[in-house]
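Using mature numbering (1 follows the signal peptide of the UniProt record, and there is no 0), the letters of the sequence shown map in sequence onto residues -30 to -1, 1 to 264.
The beta carbon of each residue, even a glycine, is placed where N, CA and C say it ideally should be.
Here the structure is a predicted model, which is why all the values come from computation and not from measurement.
To start, the structure under review is shown below, and the notes come after it.
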Amino acid sequence: MSKIASKSWIAVLLILWCLAAGIGSFQVHASTTGQAAMPDVRKQAKLWADELSAKPGYKSWKGSNIAVSPLGPGTHSWLAVIQNTSQIPVGYLVIHATEEGGYQLGEYGTGSYPLFNEQSLQLSLLQLELIPKQIKAERVYSHPLHVAWRITSRSVVHYTDAVSGEELPVSKDDDWTPSGEQDLAEGLIEAGTNLKSSTVNPSFDPYGRLPWLTKAPIPLSDQKYTALLKSITEKKEIRYTVESFEGKMLQVWSVVGFDTWNGGQLYLALSREESDDRRYMPIKLLVEQGKFYR
């Protein structure tokens, strides 16, 4: 797997590409599912954003605006992008509807490049050498480790990473569908849950060392993940790896903190490079899908 492209030169590439092609912005084909519920979703997103803004790492969320849009067809989920007073993204929330009529927080993150940011789609088209006016782009979301742009061009389908724009090893829709997963609702935050504590560590290069090639993974012998959380609290460099698409792709992340909610839910902070952009994902999903290395 290639290392995720550094954001420092993405903007330069996109500007040069747009000038050469003589193009501007384009329309993403968003799902209309869940439009009627968006006022309630926005209200819940505001409650969670206010809760998080009181903790370290979320100070830029104070007084923020929230832009909500349906996440994808058939998901009953929404993406809430947190924007500062200058309308610049500073984070995001992924919110799922429950069968009982409530809401759950599927994942959340900080930084200026949230899920499905337009720059990632533009970079995807640049790498695939596609013309924006001749494509259809859709959001697809299975769970936090399975998020992509579905790009159709002349009946050919491409899947690209929803944050980096990197092309994924998926040649047809059947290859995208994840399998063998636990109940993804398990371990998620419900509406009304408060943030108990937040541990924030400095970012580091996930490829600075390659322990997954030379060491055994950290044993997770108890349901409280004591050894793992102790290492994170002590600011040890922990890497997380997960194989996707039948071993065709290896995702590597830095573990840079965790949030504990008063219902006992744990969300680990993952980062792909040395930046302030980080994604908080439920630990139960991460343990089921991949491995941690010290």
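Checklist entry - Along the chain, where does the alpha helix (DSSP H) that runs through I202 open and close? => result In the sequence shown, residue 202 corresponds to position 232, counting from 1. Counting along the chain, the alpha helix (DSSP H) containing I202 begins and ends at T196 to T203.
Checklist entry - Three-state secondary structure (DSSP) at K218? => result Residue numbering aside, residue 218 sits at position 248 when the sequence shown is read from its first letter. Three-state DSSP puts K218 in coil, outside helix and strand.
Item to check | Assigned secondary structure, R12 (DSSP; H/G/I helix, E/B strand, else coil) | outcome: Taking the first residue of the sequence shown as position 1, residue 12 is located at position 42. Of the three classes helix, strand and coil, the one that applies to R12 here is helix, per DSSP.
Checklist entry - What does N35 pair with, by DSSP beta-bridge criteria? => result Indexing the sequence shown from 1 puts residue 35 at position 65. Answer by DSSP bridge pairing, in chain order: Q53.
Item to check | N- and C-terminal bounds of the beta strand (DSSP E) containing S112 | outcome: Counting from one through the sequence shown, the residue named residue 112 turns up at place 142. Per DSSP, S112 belongs to the beta strand (DSSP E) from K106 to H113.
Next on the checklist: So, at 7 Å on beta carbons, what are the nonlocal neighbours of Y62 in its own chain, with the 5 sequence-adjacent residues on each side left out?
Outcome noted: Along the sequence shown, one-based indexing puts residue 62 at 92. Answer for Y62: L49, A50, V51, I52, Y78, G79, P84 and L85, listed in chain order.
Checklist entry - Would a C-beta distance cut-off of 8 Å place S82 and I58 closer than the cut-off? => result Along the sequence shown, one-based indexing puts residue 82 at 112. Along the sequence shown, one-based indexing puts residue 58 at 88. Yes; because the gap between Cβ atoms is below 8 Å, this pair is in contact.
Next on the checklist: Going by beta-carbon coordinates alone, are S264 and K206 separated by less than 8 Å?
Outcome noted: Start at 1 with the first residue of the sequence shown, and residue 264 comes out as number 294. Start at 1 with the first residue of the sequence shown, and residue 206 comes out as number 236. According to the sequence shown, residue 264 is Arg rather than Ser. Yes. Within cutoff.
Next on the checklist: Pop quiz: L75 and I159 are said to be a contact at Cβ under 8 Å. What is the actual Cβ separation, rounded to whole angstroms?
Outcome noted: Position 105 of the sequence shown, counting from 1, holds the residue named residue 75. Position 189 of the sequence shown, counting from 1, holds the residue named residue 159. Sure, about 4 Å apart at Cβ, within 8 Å.
Item to check | Local conformation of D131 per DSSP, three classes | outcome: What you label residue 131 is simply residue 161 of the sequence shown in a count that begins at 1. If DSSP states are grouped into helix, strand and coil, D131 belongs with the strands.
Item to check | Beta-carbon contacts of M219 that lie in its chain and below 8 Å, excluding the five residues immediately before and after | outcome: Counting from one through the sequence shown, the residue named residue 219 turns up at place 249. Apart from sequence neighbours up to five positions away, the residues of its chain that approach M219 with a beta-carbon distance below 8 Å are M(-30), L138, P139 and E213, ordered along the chain.
Item to check | Segment limits, beta strand (DSSP E) that includes L165 | outcome: Position 195 of the sequence shown, counted from the start, is the residue given in the question as residue 165. Unbroken beta strand (DSSP E) run through L165: L165 to V170.
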